[in-house]
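There are 2 protein chains.
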Amino acid sequence: MYTINDVAQIFSVSPYTLRFYAKKELFPNIVRDKQNTRLFSDKDLEYVEMVLALRHSGMSLSSIKNYIDLCALGDQSITERLHIIQNELNNAEEKVQESIRQRNILKTKLSYYEKAIKIGEKNIIWSELKHSNGHN
Amino acid sequence: MYTINDVAQIFSVSPYTLRFYAKKELFPNIVRDKQNTRLFSDKDLEYVEMVLALRHSGMSLSSIKNYIDLCALGDQSITERLHIIQNELNNAEEKVQESIRQRNILKTKLSYYEKAIKIGEKNIIWSELKHSNGHN
DNA sequence: TCCTTGACTGATAGTTACTATCATGCAGTA
DNA sequence: TACTGCATGATAGTAACTATCAGTCAAGGA
Numbered sequence: 005m006y007t008i009n010d011v012a013q014i015f016s017v018s019p020y021t022l023r024f025y026a027k028k029e030l031f032p033n034i035v036r037d038k039q040n041t042r043l044f045s046d047k048d049l050e051y052v053e054m055v056l057a058l059r060h061s062g063m064s065l066s067s068i069k070n071y072i073d074l075c076a077l078g079d080q081s082i083t084e085r086l087h088i089i090q091n092e093l094n095n096a097e098e099k100v101q102e103s104i105r106q107r108n109i110l111k112t113k114l115s116y117y118e119k120a121i122k123i124g125e126k127n128i129i130w131s132e133l134k135h136s137n138g139h140n
Numbered sequence: 005m006y007t008i009n010d011v012a013q014i015f016s017v018s019p020y021t022l023r024f025y026a027k028k029e030l031f032p033n034i035v036r037d038k039q040n041t042r043l044f045s046d047k048d049l050e051y052v053e054m055v056l057a058l059r060h061s062g063m064s065l066s067s068i069k070n071y072i073d074l075c076a077l078g079d080q081s082i083t084e085r086l087h088i089i090q091n092e093l094n095n096a097e098e099k100v101q102e103s104i105r106q107r108n109i110l111k112t113k114l115s116y117y118e119k120a121i122k123i124g125e126k127n128i129i130w131s132e133l134k135h136s137n138g139h140n
C-alpha cells in the first residue's frame, strides 16, 4: 500500500496533482486508513498509470473521467473506448504537425536574426517578420 | 486604420484575446479615436502579427512582453532577442519530440484495442496498459 | 505525561491564457 | 427622440494545475 506521496514519487508528479485528480474521481475506489489517509494498492497504481499516460497524451481530464467510467463497465464498453482512443490519436497527430510548424516559425526567425547580426543590418524588427509569421 | 474587430477578423483570433493582449501591453502605442475606440495602423498590425506568431510558436505572454519591450530598444537589443528566440526554439524542439512520444503512446494503445477486439480477448484494460504507458 | 515533529487532510486562493457576459457610452439612422 | 450597432472596461468563468493554510493524528523524545 502506498500513500499519495509515495505515488507522487513513483510517477514523478506532484502530490497536489494527484489529490486534484482524486477529487475529480479519476482513481476509483481508493481506500483510506483510520487516519483518513489514502492508501493506493498495486491495482490502484495501474489506474494512476493509465490516467497519467492518457493525460500525457494530451487528453482532457473530463475525457479521461469519461474513459475511466467506461472501463468500469468492462468488456461491453471496449468499442466505445477504442473510438475515444482513435479520436485522441487524431488530435495527437494534429498536435505533432502543429508543433513542427511552430518550431519552423522560430527556426526561420532565428536564421534571420543570425543573418542580420552577421551583416550588421539595421531595423530588422519588421523585415524578419515578413518571412516568419506564416501570414504573408 | 482598423478596429479591434477588424484585426480579429484579419488574423482569425477573437477580439477578446486581442483586448486581453492589449491590456498586457503587448501592442505598444495603439491610438484611440474620440470615442475611445482603439485604432490599429498598418505598423500596429505588424506588431499584432509578431505577437501572434510568437504566441503560436508556444512562447508565454510574459516572455513575449519581454521580447516586445526589447524591440522598443532597437538594434542594441538584437543579440538578447536572438538568445530569447534561440531558447524558445529549444523549447519548441522539445515539444515536437514530446508530442511524438505522446502520439506513439496512443498508437500503441489503439493497436492493442484493435487486436483485442479482433480476437475477442477479455479484460484487456490492464494488459494493454503494460505496453503503452512508458513506465514498464 | 507533555510536547514537538512530521505526514496527511480538505478548503481555499493563486496562476496562465483565454472566453464570455455585463452595463455603459457614443454615433448614426428612422 | 428612440433605436440599433459597435466599441469600451470591469468582472467572472474556464481548465489544469500549483501552492498555502489550518487542522488532525500518531510516533518519538525530555
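So the protein sequences, as listed, match chains A and B.
Per the numbering used here, the very first residue in the first sequence carries number 5; after that it's consecutive.
Per the numbering used here, the very first residue in the second sequence carries number 5; after that it's consecutive.
Glycine residues also receive a C-beta, built at the ideal position from the N, C-alpha and C atoms.
Remember, predicted model here, so these are calculated numbers, not experimental data.
Sequence-distant Cβ neighbours of residue 95 of chain A in its own chain, meaning closer than 7 Å and more than five residues away, are 62. When 7 Å is used as the limit between beta carbons, residue 113 of chain A is near these residues of chain B: 89, in chain order. Residues of the stretch 99-112 of chain A with a Cβ closer than 7 Å to any Cβ of chain B, in chain order: 99, 100, 103, 104, 106, 107, 109, 110, 111. Counting along the chain, residue 122 of chain A sits inside the alpha helix (DSSP H) bounded by residues 82-123.
At least 8 Å separates the beta-carbon of residue 102 of chain B from that of residue 110 of chain A. For the 8 Å CB-CB criterion, residue 86 of chain A and residue 117 of chain B form a contact. The alpha-carbon of residue 79 of chain B is positioned some 13 Å away from that of residue 72 of chain B.
For residue 51 of chain A against residue 31 of chain A, the beta-carbon gap comes to about 5 Å, under 8 Å, which counts as contact. With fewer than 16 other beta carbons inside 10 angstroms of its own, residue 5 of chain B counts as exposed.
Annotated three-state conformation of residue 15 of chain A is helix, per DSSP. Using a Cβ distance threshold of 8 Å, residue 99 of chain B and residue 65 of chain B do not count as a contacting pair. Each of B:49, B:21, B:18 was checked against the Cα of residue 33 of chain B, and the nearest Cα belongs to B:49.
Beta-bridge analysis with DSSP links residue 44 of chain A to A:6. The CB of residue 82 of chain B comes closer than 8 Å to the CB of 117, 120, 121, 128 in chain A, given here in chain order. Out of B:58, B:35, B:40, the CA that lies nearest to the CA of residue 47 of chain B is found in B:35. Note that the C-beta distance between residue 89 of chain B and residue 114 of chain A is below 8 Å. Within the stretch 34-62 of chain B, the residues whose Cβ lies closer than 7 Å to any Cβ of chain A are, in chain order, 50, 53, 54, 57, 60, 61, 62. Straight-line measurement puts the Cα of residue 59 of chain A at about 13 Å from the Cα of residue 15 of chain A. In terms of CA proximity to residue 53 of chain A, A:11 leads the group A:120, A:81, A:11. Counting along the chain, residue 70 of chain B sits inside the alpha helix (DSSP H) bounded by residues 65-76.
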